[in-house]
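Protein chains: 8
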Amino acid sequence: MDITSILEEYKKGTLSLEAAQAALAERGRSHTAQTADLGFAHIDLARQERCGFPEVVYCAGKTVEQSVTILTLLMKKYDNIIGTRASKEVYERLLPDFPDVQYDDLARMVYQRKDTTIVNGDRTIAVVTAGTSDIPVSEEAALTAEIMGNKVMRIYDVGVAGIHRLLSRADDIRKANVVIVVAGMEGALASVVGGLVSQPVIAVPTSIGYGANFHGLSALLAMLNSCAAGVSVVNIDNGFGAGRLADILNRMR
Amino acid sequence: MDITSILEEYKKGTLSLEAAQAALAERGRSHTAQTADLGFAHIDLARQERCGFPEVVYCAGKTVEQSVTILTLLMKKYDNIIGTRASKEVYERLLPDFPDVQYDDLARMVYQRKDTTIVNGDRTIAVVTAGTSDIPVSEEAALTAEIMGNKVMRIYDVGVAGIHRLLSRADDIRKANVVIVVAGMEGALASVVGGLVSQPVIAVPTSIGYGANFHGLSALLAMLNSCAAGVSVVNIDNGFGAGRLADILNRMR
Amino acid sequence: MDITSILEEYKKGTLSLEAAQAALAERGRSHTAQTADLGFAHIDLARQERCGFPEVVYCAGKTVEQSVTILTLLMKKYDNIIGTRASKEVYERLLPDFPDVQYDDLARMVYQRKDTTIVNGDRTIAVVTAGTSDIPVSEEAALTAEIMGNKVMRIYDVGVAGIHRLLSRADDIRKANVVIVVAGMEGALASVVGGLVSQPVIAVPTSIGYGANFHGLSALLAMLNSCAAGVSVVNIDNGFGAGRLADILNRMR
Amino acid sequence: MDITSILEEYKKGTLSLEAAQAALAERGRSHTAQTADLGFAHIDLARQERCGFPEVVYCAGKTVEQSVTILTLLMKKYDNIIGTRASKEVYERLLPDFPDVQYDDLARMVYQRKDTTIVNGDRTIAVVTAGTSDIPVSEEAALTAEIMGNKVMRIYDVGVAGIHRLLSRADDIRKANVVIVVAGMEGALASVVGGLVSQPVIAVPTSIGYGANFHGLSALLAMLNSCAAGVSVVNIDNGFGAGRLADILNRMR
Amino acid sequence: MDITSILEEYKKGTLSLEAAQAALAERGRSHTAQTADLGFAHIDLARQERCGFPEVVYCAGKTVEQSVTILTLLMKKYDNIIGTRASKEVYERLLPDFPDVQYDDLARMVYQRKDTTIVNGDRTIAVVTAGTSDIPVSEEAALTAEIMGNKVMRIYDVGVAGIHRLLSRADDIRKANVVIVVAGMEGALASVVGGLVSQPVIAVPTSIGYGANFHGLSALLAMLNSCAAGVSVVNIDNGFGAGRLADILNRMR
Amino acid sequence: MDITSILEEYKKGTLSLEAAQAALAERGRSHTAQTADLGFAHIDLARQERCGFPEVVYCAGKTVEQSVTILTLLMKKYDNIIGTRASKEVYERLLPDFPDVQYDDLARMVYQRKDTTIVNGDRTIAVVTAGTSDIPVSEEAALTAEIMGNKVMRIYDVGVAGIHRLLSRADDIRKANVVIVVAGMEGALASVVGGLVSQPVIAVPTSIGYGANFHGLSALLAMLNSCAAGVSVVNIDNGFGAGRLADILNRMR
Amino acid sequence: MDITSILEEYKKGTLSLEAAQAALAERGRSHTAQTADLGFAHIDLARQERCGFPEVVYCAGKTVEQSVTILTLLMKKYDNIIGTRASKEVYERLLPDFPDVQYDDLARMVYQRKDTTIVNGDRTIAVVTAGTSDIPVSEEAALTAEIMGNKVMRIYDVGVAGIHRLLSRADDIRKANVVIVVAGMEGALASVVGGLVSQPVIAVPTSIGYGANFHGLSALLAMLNSCAAGVSVVNIDNGFGAGRLADILNRMR
Amino acid sequence: MDITSILEEYKKGTLSLEAAQAALAERGRSHTAQTADLGFAHIDLARQERCGFPEVVYCAGKTVEQSVTILTLLMKKYDNIIGTRASKEVYERLLPDFPDVQYDDLARMVYQRKDTTIVNGDRTIAVVTAGTSDIPVSEEAALTAEIMGNKVMRIYDVGVAGIHRLLSRADDIRKANVVIVVAGMEGALASVVGGLVSQPVIAVPTSIGYGANFHGLSALLAMLNSCAAGVSVVNIDNGFGAGRLADILNRMR
C-alpha cells in the first residue's frame, strides 16, 4: 500500500488509526530486516525471504553458549541451518534438542539439513582441489552448497604438478555450471582451470603449506593475479564463502 | 570421427593414409587451441569459439610495436577487440588501418566495437563506485562489459561515508543481474552492497588513497574479509577482469 | 607560589630556609610525577590528580607476582583501579585482600570499582559492535569507560552486511556524546557510522577473522582509510584505549 | 511532526493530501542527504546542516575538470570550502570566477574562506610538529581547522631527539583544548605529548623519512602502539582528517 | 709445490730465500683471487680461470664513468664480457674503443661476444616465458647463456591460462637439458613445467603485473611454494642469474 | 609405435581392430600419468618411470589415516618411499605391515629404503649447514638425497660468524658435485659458499631465529639477493625440495 | 715465527723438517679458529683469546642433548659461560656436574660465573627499560654484561608516557659509559634517551605489545628511524646481543 | 649555584631580586637547550657544547629556502656544519655567502669544514663496502666522520661473493678502532666482518638491489639477524647515522 492509499483509507475510516500507523510503519519496516535481539546478537529472521537462505552462524570467537543460543533459535525456525568453524562441543550441546543436527569433523561445520531437495536440477557445482591437505576447506565449500540445495561434484587432488591428473578430468569439470577451485601452496590450479573452462571460477586459497606460504598469502596473491578470465577470489580458507557464492551463481537464470 | 571409424575407413580405402593421419591428428588438435605464433606471442585464434570473446591484449610491459602487431592481427579477424592498459600511441598507430578503433583516456583502453548487439536482453550489469576518483577503473569494467554485449548501469560516487546516497539507489542496484563494486580507501562499499542485494557482487579494490592505503592493500583486504554473502574479489584496479567476469555471469542461464 | 613570592617571603622570614627550599622544590616536583619505585616498576602516584584517573596496569608480559604487587599498591590508595589483559590468577590472588575486586572473563579485566558515581551526567558513550565475536574487545572498552564514571550504551552485532540492523539503531547512536565502533574482518562499520553521526568516532579494529584478516590488519587499514570525517583509530583489540579516550572526550566542555 | 499527528491533521483537514504526503516524505527525506548528481559525483548539499561544514573535496585521482566542477558548485553555495590534495591548476581554473579562492603550496589545499568567524571562543587547537619536514602535513591540519572556525596554535620542530624543545613548550600545549601531533620517522612525539597533557591527542604519522620508514609505516605503527592515554591515530599524511576531527572535538560541550 | 718440497729445495739451495718465500706466499695467494684495485672497485681477474667466465658487471647504482672503466678493463682482457642493467650511455661510451660491443635494448645488457663457440654441444637451455611482457627478463637470461657458450631455445608466451599452448610445446621443452621458466603475475608456469619435465627448472619471477602483484611478490611466492620437484628460484627479474646458473648446470657431467 | 605404423599394420591385418584401438589409445595414455584414485587422493603410479623416483607424500595437513593409506599403497609397489613432515604416529601405524619402514625424529621423515644402491658413483652432494639448530632441515635434505641413491657429505655448523670454520672445509666442499647450503638467521652462508665454489648451490633458508627473522624471511630474502653466481633458492625449511633437486642435478650428464 | 725465520732455522737445522712443517702449519692455523668438531657442532675454542669471551651457546632449536654436550665442553674449559634461550631442563641436566651453574627464569639464561672480576673499573653500562613487561629482555642484556665483567645499572619502567620518570633519572643515565635501551610497543624511549645523552645508545626493540605491534615490528621500525644521534639497533628481543655489544664498547679505550 | 646559596645570597642582599630570579631560572634553563626559533624550525644552539658537534640538518622534505636559512644560521656560528640529503641547489645558494662550503655529489652532502683537526689521533674508522654501487652511502658515512674530526680508511668493493677480496684486507680492517660495514643485496658482509674483528661493527644496509631486495629490506633483516657479536644496525641508507655513531665510539676512552 502506498502512502496516498493509506492516507485516503484512513480518512475514509477503512483503516483505523492503529492500522494506518502500522501500515506506514510496515513500509519502513520492509526496509528494516526483522531481527531477534539477543543482546549479544541481532539474528536476522528475514534473510531466507530476502536472500534465499537463513543466516549462517560464524562460531569462531563466540562462546559455546552464544553459538548454541543463536543456532537453537535458528534451527527451531528453519529446516536447513549452518554453523561454520564450530567446535564439536557446540554440536554436542545441540544434539539433545535437535536430533537431526550433524557435525563434519573435517569442515568443522555443525548443521541441520532436514530439507534435502535439490533446487537446481541438473546444474552441478564442481569442487576441484589441488591436494589432499586442502580437503577440509573443500568440504566446507561442498557441504555448504549441498545443504543449500545444490548438486556437488568433488574432484580432489588434481594439482598442477601432475597436470595430466587435471586434464583427464577436464571434461567432467566442463560439465559443471560453476567451478570452485581450492588450492594452497602456489595456488596455480585456479589459473589452469580458469583457462580450461568457460564457466565462472571461484578461487579459494588455503593456508596449506609452510615457509614462504605465509599462511596462505602465496596462494591468495597468485589467485588474485590470475591471468585467466572468469576467476574471482574469496578469503583464505573461506570454503563457506565459496559454497555460498556458488549457490547464488547456480540460481542465476 | 572416432578412432574406430577412422581405422575402418582407412582399411576400406575411403580414407587415404594421409587423410587418416590428418583425421587422427585433428582429434588431438581439437585439444590444442589454434594459435598464431608471432615469436614473441602466441595469439589464441579459437578463443571466441571456446569462450565467447576473442583474446584480450594486456598492453602493459609490451612495446608499442608488439601491441600494435597483435591488435592488428585480431582486429582483422574479429569485430570487437580490446586492448587494456594501452598507451594512446598504440591507438594512434592503429587508427590509419582501423578507422573504427576507439580510445578511452580514463580507462586506458583501445578497442574496436563494430558489433553493438546487446546479447543479454534486459539483463543489466550495475557498476557501483565509491568515489569519483575510482571512475577510471569503473570505466574499464563498464566498457569491457559493454563491448562484450552487455547493458551497463553506472552508479557512481555512492560511497559509505554518506550511506543515504547508496540507499537511495538500492532499488536500482537490485534490478541488475550482476553487481560490480569499485572502491578504494577502506573498500567498505562491497560489504554494504553485498548485504543489500541477493545477486553476485564482484568487488574491485582500487589503489585510490594514500598512506596506509598501501596502493590498494586496504581495500583489497577489506573486500576479501567481507562478511556479506556473494562477494568475491579480483585484483586491485582490475576493472577489465571484473567486466569480463560479469559478462560470463550475465550469460549464465 | 611563584618564585618571586617565595624569595620575598623567605627574605621577610615568613618562610624558613627549609620551607623556601621545599616550596622551590615543590614547583619542580609538580613537573615530576610522584612515583613509587618498586625496582621492577615506577608506579605513578599523581596520575589521578594529573589526568583524572590513576595508572592502569597492563598485565600482559608481567609475572603474576608483579601484577599483584602493583595492583595491591594502587588498590590501597584509590577506589577505582583497572588491570587489563589480566589472567584470572591475578584476580584470585587479590581477592583475599580486596573483597571488592572483580574480574570480567570476556574482557580479561581485573578491577576495583568502589566509586560508582556517574561523572558526566547524561553524556553517554555508545559502544557499537559489528559482530558477537567482537564483544570481548567491546566489553573492555565499555567496562573501562564505566569504571571511569561514564554511562555506556551497548549496541552489539549491527555489522554492515545487514545495514538495516545498524540504521534501525542510528537514532540511538546519535544520542550519544562519543561513539566507539568495534569491528573485525573488513572493519567497514567505522566508516558507515562515521557517515551517520556528527560526533567523534573512535574506531577499534579487532583481530576477529581469519586468512587475509592477518590478525586484524584488514580492519586496521580499513579504519585508517576511512573516508568519513571524525574517525580516528586505536590499536587492534585495544578496547581499553578506546574506553579511556572516550572518557577524556566525554569530560570535554 | 510524528506519524500520528500527520494522520490526525490530514483527517481533520488541517493538512491537505499533498501536505500530508510531503510531511511523510519529509520524515523519510531527513534520513536521505540531499545531493546534486553530476553523473561522476553526488555532491552532498546537506552536509553543513548535518555536520557543521560542507563537503570537502578530495582532488587526488580526479581530473582537473571534475575537481573544478565540484568546487564551483560548492563555492557558489557556501562561504567556506576546502579542496585537498589539489594541484595548483585547479586553483588557477577557479580564480577567475572566485576571486576569494586561495591556494596553499605546502598543504596543497585550495580553499575559499569568506567567513572568518572564530566559532569556539578561546578554545585553541595546538598543532605540534616533530620536524620542519612535517610542516606540509601540519599546515593541512592547521588550515583545515582555521577555515572551519577554530583558533590554531602552531608549535613546530619540537621532536623528541631534543626533548627540552618540547618541554619548554609544554605549558603552551597544555593551554590548548585539543592537540594534534604530526611526526614522521619514529613518530615518538605522539607518546611523549600524550604523557604530558590530559587533553585528547590526535596523532598524524607522516611519510617523512627513508629506508625502514617504509613511507610512514614506522610512525604509524609507533603511534598505534602508543602507551599514553588519550592518543588516537589518523592515516599517514592525513592532515585534513586531523584538522577536521579537532574541529569536531573543539565543538563538544 | 707443497710445503715439504719448498723446505727441502730451499735447504738444498735449489731455491733461494726469496724464491722459497715467494713459493710459500704463492700457496697462500692461490687462495686469494687476483684482483685489480680501482679504488671504487676490486676487479676479479681470476674468475674465468676459477669459474669458467669472467666477472659480470652489475651497472645499476654505478655511475656511467665507473661502469665504463670496469668494462674497459675487462673487455681488453677477455673476449666475452657482460654488463647487466646498463644504460645505453654505457654502450655508447664503449663503442669507440670496442667496435664489437653490443647493446640489447630489451635486456638492458651491454656485451662483447668475440668468441661464439658453443661449448656444450647439443645440450640446449630452454627459456620458457609466460607472456610477451616477460620477454625483457627472458632475453637477459637467454643472452647471458648464449654469450657463455650455450645453445638456447626460446619458447615465449605459453602461459597457463591457455594450457594447450604449453602442452603443444612440451616435447620441445623436454629435449632441453635445463629449463628456465620466466613468469610474472601468478607465476604458475613454473609449477606446471616442473610437473611436465624431469630436468632441473630454474624459475624466474618477474615484476610484470599490477596491484596485488606487489612488484613480483606474487610470482616469487608462488614459485617458492611450487609443489613440483626440481624447481628452484632466483630473484625477481633476475634473468642474468638464471642464465648464469643454467650455464653452470649445462656444464655438469 | 607411431600412427602410420599402427594404421599400416591394421590395414595389413597384423593388428586386430581392438589391438589397433589399444595401440592408439596407449599413445594418448602415455601422456596421462597412471594414477590410483583414492577419492581423497590421486596417486601417481608412473612417476618413478617418468621422473626417476616415486611420488613423495607430504603428510602435513593430511589425517594420519590418509597418510597411512597413501604410503601403504606406495610402499607395496616401490622399494624406496618417502613421507615428509610426518608425525611419529604415521610411522607407528605403518610398522606392523612394513618392517623396513624407518622414522627420523629430527627430519620428521618416515621412509622405506630397501634399495641402498648408490646410483651416482663418486658424485657427492655436500650439505653445508650454518648452525646446529638448522640440522633438522639439513637432515631432511641429506636423507632425501640418500634414499634416492646419492652419496652425501654433511658439513655442519660452519656459519659465517666464524669464517675460518668454513674456509677450513672449503676444499672438501669443492669436491662435491652439488652443494646444498642450509642457513637461518641472516642466511649469509649461501653467498659465501657460492663465491667459493663453481658448482651449483641450492640455498635452503630456515626459520631458525627470532624477532626480525620473521620465521625465515630474513634468510629467504638474503639468499634470493645473493650476489654469488650459481645460487638458487627453495622454500623456507624445504629440506626435501633441496635434496630432491640435488638428486636431479647429480644425475645430469 | 715468521716465514723467513722458519726457513732459516730449518736450513740451519735448529728446526727439524717436522718442526718446520708444524711451524708453517701453525701460522696458517692461527688464522683458523681452533674448533672442537662434535659432528653436529664446531665449538670455537679460541674465541676467548680472539674476542675476549668464549663462544656463547644459542640453545633455541637445539635438542637438550646437544645444548648440554656443548655447554659441558665449554664449562670445563672456561670459568664464565653463557647459554641463551635455554630451557630449565638444560640447567637441570648440567647441575650435577657443574655445581656453580645458574639459571635465570626471566632471561631464560643458563650460565656459569666463577670469575666475578669487574674488568672495566668504574665504567658502568646502564640498562634502561620502558616497562615492566620488557624486563626479561633487559635482564638478558644486564646479566650478559655482568657475566662478561661489567658493572650494570638497571633503570626500569621509565617509558615515555610519563616522561618525568625518565627525566628524574637522566643524570644517573648520563653517568654510564654505554646505554642500552629496551622498549616494546612504540619504542620511543630510544629516541628520547638518545637525545638526552652523548654516549652510544644500543636500542633493543621487544615484542611486548599486541595488535599493530606485529611482534616487535613497531618498536624495531621506530628505533631504526630514530632521529637521535648515536643510536643503533639490534634484533627484536636480542638482549644478549645488546649486552655483548655493550661489553665491547665498554672495553674501548 | 644551588638553591640554598641563591636564597642565602638574596637574603644577604648580594643578589638582587632580579639576579636571584635569573639565577633560579638559569638552573631551569640549563635543562632546556638553547634554541633559535625560526617559526618553522627550532635550531639547537647548544648541541656542540652538549654533544660535541653542532646540529646536522636533514634537508629532505624541507624547501630549499628552509634548508638555506637554517644552514646559514649554523655556518655563521660554527666552523664545521653538515647538511644531509641536500640538493645541489642548496649548495649553490650558500656558496656566495660561504666560500668554504662544499658539495659531494655522491653523498648528496653540503658541508663546511673549516676546522680539519684530527681529534682522535691514530684511531681510525674503517668504512668497508660490499660493492661499488654502495659507495654513495659509504661516502656519506666517511665524509661525516671526517668532518667530525676522524681519520677514515675506505675499503670498497670487498663483498662476500669473492671472500678473498675481504680476507686480504682483514688485517687492515683489524687496525681500525671502529668498523662501518655498508652493504646492499643480501647484506652478508656485516656478519662476515663481525666474525673477523673484535671491534664494534656498525652495519648500514643499503637499498642497492632489485626485486626481493624490497628497497633494502633484505639487507636490513640480514644485518639485524647477524649471528656475529658486536654488530648493531642503523637505518637503510643511513650513512650519516653510521658516521656519527662511529665518531661517538671513536671518542670513547
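Residue numbers (UniProt numbering), protein chains in the order written: chain A, 1 to 253; chain B, 1 to 253; chain C, 1 to 253; chain D, 1 to 253; chain E, 1 to 253; chain F, 1 to 253; chain G, 1 to 253; chain H, 1 to 253. The beta carbon of each residue, even a glycine, is placed where N, CA and C say it ideally should be.
9 Å Cβ cut-off: residues of chain F touching residue i
i, result
"residue 207(G)", "210 and 211"
Residue i, DSSP secondary structure in three states
i, result
"residue 236(E)", "coil"
"residue 29(F)", "With a pLDDT of only 45 at residue 29(F), under the threshold of 50, the placement of this residue in the model should not be trusted, and no figure is reported."
"residue 250(D)", "helix"
"residue 156(E)", "coil"
"residue 21(E)", "helix"
Listed by chain order, chain E residues near residue i by CB distance under 7 Å
i, result
"residue 23(G)", "Per Cβ cutoff of 7 Å: no residues; residue 23(G) is ~10 Å from chain E at best."
Counted within 10 angstroms of its Cβ, other Cβ atoms place residue i as buried (16 or more) or exposed
i, result
"residue 184(B)", "buried"
"residue 16(H)", "exposed"
"residue 81(F)", "buried"
"residue 108(B)", "buried"
"residue 30(D)", "Confidence in residue 30(D) is poor, its pLDDT being 47 and thus under 50, which makes the residue's placement unreliable; the coordinate value appears in the next sentence. Exposed is the call here."
"residue 205(G)", "buried"
Nearest candidate by alpha-carbon position, reference residue i, set the options
i, options, result
"residue 237(E)", "231(E), 120(E), 202(E) and 248(E)", "202(E)"
"residue 24(G)", "9(G), 36(G), 37(G) and 38(G)", "9(G)"
"residue 89(D)", "103(D), 76(D), 77(D) and 81(D)", "103(D)"
"residue 216(C)", "6(G), 200(G) and 210(G)", "210(G)"
"residue 91(G)", "125(G), 67(G), 114(G) and 136(G)", "67(G)"
"residue 39(H)", "49(D), 133(D) and 76(D)", "133(D)"
"residue 138(E)", "44(E), 195(E) and 106(E)", "106(E)"
Chain-ordered chain D contacts of residue i [CB-CB under 7 Å]
i, result
"residue 59(C)", "Under the 7 Å cutoff, chain D gives no residues; its nearest Cβ is about 14 Å from residue 59(C)."
Within chain C, the residues that residue i reaches when beta carbons sit closer than 7 Å
i, result
"residue 192(B)", "160, 163, 188 and 192"
Where residue i meets chain B, residues with beta-carbon distance less than 8 Å
i, result
"residue 198(A)", "50, 51, 52 and 248"
Residues of the stretch 227-240 of chain E whose Cβ lies closer than 7 Å to any Cβ of chain F, in chain order: 229, 230, 232, 233, 234 and 235
Chain H contacts made by the stretch 113-139 of chain D, where a contact means CB separation under 7 Å: 132, 133 and 135
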